[in-house]
Amino acid sequence: MFQILRARLRQGHRTIAYPNGPAPALPDRFRGLPIVDTSKCPDGCRSCAEACPTDAIAIDGQNFRLDLGRCLFCTDCVEACPAGAIQYSQEHRLATRTREDLIYDGQTLKLADALDEKMRRVLGRSLKLRQVCAGGSGASEADLNVLGTVVFDLARFGIQFVASPRHADGLVVTGPVSENMRSALLETYAAIPEPKIVIAVGAEAISGGIFRGHSEVHDGCDGLLPVDLYIPGGPPHPLTILDGFLRLLGRLGEDAQGLQVPGQS
Amino acid sequence: MNERGFANLHNAQAIARAQVPKLSFEEFRPYILSAVAGRQRVAAFFGDAASSSEGVDLYAVLADSARGLLRVGSTTLDSNRFASLTPDCPQVHLFEREIAEQYGVCPEGHPWLKPVRFHASYRAGHDVWGRKPGEAPVIGITDFYRVEGEEIHEVAVGPVHAGIIEPGHFRFQCHGEQVFHLEVSLGYQHRGVERALMGSPTKRTIHMIESTVGDTTIGHATAYCQAIEGLASCQAPIRAEALRGIALELERLANHTGDLGALAGDVGFLPTASYCGRIRGDFLNLTALICGSRFGRGMIRPGGVGFDLDEERKQHCLKRLDAAYQDVANAAGLLWDSASVQARFDGTGGVARADCLALGMVGPAARACGAEHDVRHDFPAGIYRFAQVPVSTWQSGDVFARAFVRWLEIQRSVAFIRSQLRELPDGPVRSDVAALKPDHLVVSLVEGWRGEICHVALTDSQGRLARYKITDPSFHNWYALALALRDQQISDFPLCNKSFNLSYCGHDL
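Listed in order, the protein sequences are those of chains A and B.
Sequence positions in the first sequence follow this note's numbering and run 12 to 276.
Sequence positions in the second sequence follow this note's numbering and run 104 to 612.
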C-alpha cells in the first residue's frame, strides 16, 4: 500500500493545461499544416504533385491545391520540391466541417465551425462516442485511445467513448472502410439514436488514404455516412483530434475559425 | 533428410529464383515435415502464380534457429489439389488456408479449411469453396465449430468490440463459465495489401508498408527495406542501421509499456494502468523527436533512414529515455509486488511449451513458453550483427510470463538504445538504391515487438515485385490465443487477449 502511494507521489499530476493553458510543446520535426509559397514555384514544375503517394496535390501554374483529406503528412513533396516551396508548420489544428474545406490552397484553412446551437445544447457538455475501426491500421485508434490517458483526460470535457452504440451520440470512424467492415459500420451507425454525429479520423477514413482505389475498400466513409467533422492526418496527433472535438462542440472560446498562417511573403 | 533439399540463405540475402530448389511435391512435403520434426520452424509458406491460367507454385521458408540459417524451396502443383501438411505439421494450418483462399488450390485433408480473409480468389474461376466467379464471399459466413450437448452454450463477440480496438469475431463454446473452445474468425480488416504490392515498388509502396500494421510501422518498414536492399545489392550505412535499431527498440518500448498498462487495467489495478498509458506516450514522443511522427512514419527508407540525429537531439533523447525508464520501472514494479495482480496473472491462460513449438509461435508469447526464438539473436541483420540483445524468456507460459517477458525486454531495449546512442557511428544515413535484380528472391526477417516479421519478395524479369508475401507475427500466434483460453473462465478472455495483443490488420493485410 505504501509502495502504491509512493509511486503515486512520484508519478505526479500529468494532465495538460490545454485548452485553458498552453498546448503541450510538439517536437520540432512534427509535421503539422504544410505551408506552401507558390511564388517560389519554378514555371511548369509539377515535382510535388508527381511525388505525392496519394495524388493529393493538384498544381496548375501558381494555382496550388492540396487535398488534406488525402495527405499522409509524409515528406515526399518536401523532398521533391526543387525550390523549397513546401514546409511543414507546427500548426496542429486541422479539422474541418466539410470535405471541400480540406482542399487547401497552401495558405488559408477554414477550420471547423461549431455545431448549431440546438445540437450544442444537446451534445455540448456530454458527448458519448462509439468508435468503429473499419480497416484502420491501429495507429489512429492508438491515438484516440491516448485521449483517454491522464495526459489528455478527455472525460474532463464530458466526452467519453462508450461500448454500445445505443449509448452513443456519435460515431468516430477510422480506416478506409474495408468491404468486410461496411455492413458492421452501417449497422453500428443505425443503432445510434438520433440526433447523431459522425467524425472521420485520419486520411484513410476520409479518402481511403494509401489504400484508395483498392477494390477491397470504400475509400473512406464519405458517401457511406453523413460526416460532420473531418480530422485529417496520417494519423492525426492526439492534440489535432482533441482540437477537432472541442471545436465541433464550440468549447474553444471565441478564437478565429479561419486560420491564417503567419509568415507568408 | 531427403536427397534433395532446400537452399540455405541468410536474412536479407537475395538469391536468383533459378537457384531456389524446385522439388516435386512428393519430395517437398516430406522435406518440410522432417525439417519441422528436427526443430526447424515454418517462417512462411505461400503460393504464387504468374496468371490465372498457369499452375500454382508453392514456396516454403524454414527458419533453422539453431544454425542461424533460413532454408527456401518450392514446388509446382500439377493440379488444383495437394495433400495438406497440416495433419502432420499443425503450424502450417493458417498458411494452407491462405493458399487455398488466394490461389484456389485445395489442401486435401486439412482439418479446418475455412476462409481466412473472405476475399475472392486471385485466380478467377478457381475457388476452393465452390463459389462462382463474381460471387463475392460474405465475411463471417463459414461453418463455425460447435460443441453440442446439455448446458453447452455459445457466445459470439464482434466484429465491433467494446472499446477502441480493431474488429474481429470470436466464438466461444462454453459450459457455464468454462470455455471449451474459442474460434477466432478474422478478415474484417482486409485491405488487399499483398495484391496491391504486386508490380511494386512505386511511390506508394513504402507508405503502404508503413500503414499495413500501424503500431509496427518501424518493424514492417525495416523488413521491407532490408528486402529491397538485398534485391538491389546495396547496404544502408552503419549509422542508418544503428538509427533503425534505435527506432525498432523504441517501438518495442512503447508497445510493451502500453501492454503492461492495459494488462493492469484488465485486472482492475489502476495505478499501473494509468501510469503506463502515459509512459507509452513518452516513448512514442521520443520517436516523434527523432522523425516527427509518433509511429515512426518517414523514419525507415530504402537505403537508410529519413532522419538523422544531431548531438543536441541525441543528448535530449538520452535524457528523456532515462526519465521514461525510471517511470516505467516504478509502474511495472507495482505489478510484481501486488498480490492482487499476481493472483490474477499466475496460471491464467497457459500455453504448454510443446504446443508453442507445434504451433510455431513467435515473439514474446513464444519466449514466455520458454522457446528461445528471437530474430535479433537467431538471424541478426543490420545493427544486430554488431550489437547483441540477450533473449528474454520465462517458463510458465501464462499471462504472468507474457507480462514479465515484456518487462525483461523493456530493460534490454533501454540498455540497447542507450549504448547505441552513446556510440552512434559517424557517416551518412542514406545510400543510393540501385534497380532490383530481376528474377530474384529474398527473405527478410525483423524481430518486431510482437515477434518475427517475415517478408518474402520475388522479382519478375523486369525487376518488379511479382509477389510480396508478408507474414506478421500475429499470423503465427492467433491460434495460440485459442489454446490459451481452453478450460479458462470466459471472463478471463480480455486478460488473455491483451496478454497476446495480436494484430488484426497484420493478420488480415
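Where is the CB? At the ideal position from N, CA and C, for every residue including glycine.
Keep in mind that this is a model prediction, so the values were computed, not measured.
Three or more Cβ pairs closer than 8 Å define a contact, and the segment 141-158 of chain B meets that threshold against the segment 539-555 of chain B. Taking 8 Å as the CB threshold, L134 (chain A) stays off the interface with chain B. For S100 (chain A), not one C-beta of chain B is nearer than 8 Å to its own C-beta.
In the three-state reduction of the DSSP assignment, H196 (chain B) falls in the helix class. Look at the segment 134-181 of chain B and you find these whole runs of beta strand (DSSP E), each 3 residues long or longer: 144-151, 160-167, 172-179.
By DSSP's assignment, Y241 (chain A) forms a beta bridge with A:T107, A:A211. Apart from the 5 residues on each side of it in sequence, D411 (chain B) sits with its Cβ closer than 8 Å to the Cβ of R342, L346, V532 in its chain, given in chain order. For H610 (chain B), no chain A residue has a Cβ inside 8 Å of its Cβ, as the nearest lies near 12 Å away. In this structure D239 (chain A) does not touch R104 (chain A) by the C-beta definition: roughly 17 Å separates them, more than the 8 Å allowed. Only those residues of the segment 148-167 of chain A whose C-beta falls short of 8 Å from the nearest C-beta of chain B are listed: S148, G149, A150, S151, E152, A153, D154, L155, N156, V157, G159, T160, V161, V162. Pairing V139 (chain B) with C192 (chain B) gives a Cβ-Cβ distance under 8 Å. Around P64 (chain A), the same chain offers L83, C85, D87, I221 as residues with beta carbons nearer than 7 Å, after the five sequence neighbours per side are excluded. Taking a Cβ-Cβ cut-off of 7 Å, the neighbours of H225 (chain A) in chain B comprise R294, G295, A299, given in sequence order. Residues of the same chain with a CB within less than 7 Å of the CB of S495 (chain B), apart from the 5 flanking positions on each side, are R470, V508, L511, E512, R515 in chain order. Look at the segment 175-195 of chain A: the residues with a C-beta under 7 Å from a C-beta of chain B are P187, S189, N191, M192, A195. If you check each beta-carbon in the segment 237-262 of chain A against every beta-carbon of chain B, the ones closer than 9 Å belong to G245, P246, H248, P249. Under the DSSP assignment, D440 (chain B) falls in the alpha helix (DSSP H) whose first and last residues are 414-440.
Between the beta-carbon of S606 (chain B) and that of D575 (chain B) there is about 6 Å, and that keeps the pair under the 8 Å contact cut. Put simply, of A:G72, A:K129, A:A67, A:A150 the residue whose alpha carbon is nearest the alpha carbon of I252 (chain A) is A:A150.
For I203 (chain A), no chain B residue has a C-beta closer than 8 Å to its own C-beta; the minimum C-beta separation is roughly 12 Å. For the pair V517 (chain B) and Y582 (chain B), the CB atoms are not nearer than the 8 Å cut-off. Rounded to whole angstroms, the gap between the alpha carbons of E555 (chain B) and F482 (chain B) is 10 Å. Boundaries for C63 (chain A): no beta strand (DSSP E) harbours it, and the DSSP string shows neither H nor E there.
Near chain B, meaning a CB-to-CB distance below 9 Å, the residues of the segment 62-84 of chain A are A62, C63, P64, T65, L83, F84.
By the Cβ neighbour-count rule, S175 (chain A) is exposed, with fewer than 16 other Cβ atoms within 10 Å of its own. At a cut-off of 8 Å, the C-beta of I27 (chain A) has no neighbouring C-beta in chain B. In chain order, Q22 make up the part of chain A whose C-beta sits under 7 Å from the C-beta of D430 (chain B). Taking a Cβ-Cβ cut-off of 8 Å, the neighbours of P270 (chain B) in chain A comprise V143, C144, A145, M192, A195, given in sequence order.
With contact defined as three or more Cβ pairs closer than 8 Å, the segment 137-147 of chain A and the segment 180-194 of chain A are in contact. Counting of Cβ neighbours within 10 angstroms places I382 (chain B) among the buried residues, the total reaching 16 or more. Out of B:A299, B:G384, B:S177, B:A166, the CA that lies nearest to the CA of R567 (chain B) is found in B:A299.
Those residues of the segment 303-333 of chain B placed with their C-beta closer than 9 Å to a C-beta in chain A are T305, K306, R307, T308, I309, H310, M311, E313, S314, T315, V316, G317, D318, T319, T320, ordered along the chain. If you check the CB distance, H310 (chain B) and V316 (chain B) do not come in under 8 Å. In the displayed model, H229 (chain A) falls within coil according to three-state DSSP, outside both helix and strand. Per DSSP, reduced to three states, the secondary structure at Y487 (chain B) is helical.
Taking 8 Å as the threshold, the shortest C-beta distance from C394 (chain B) to chain A falls below it.
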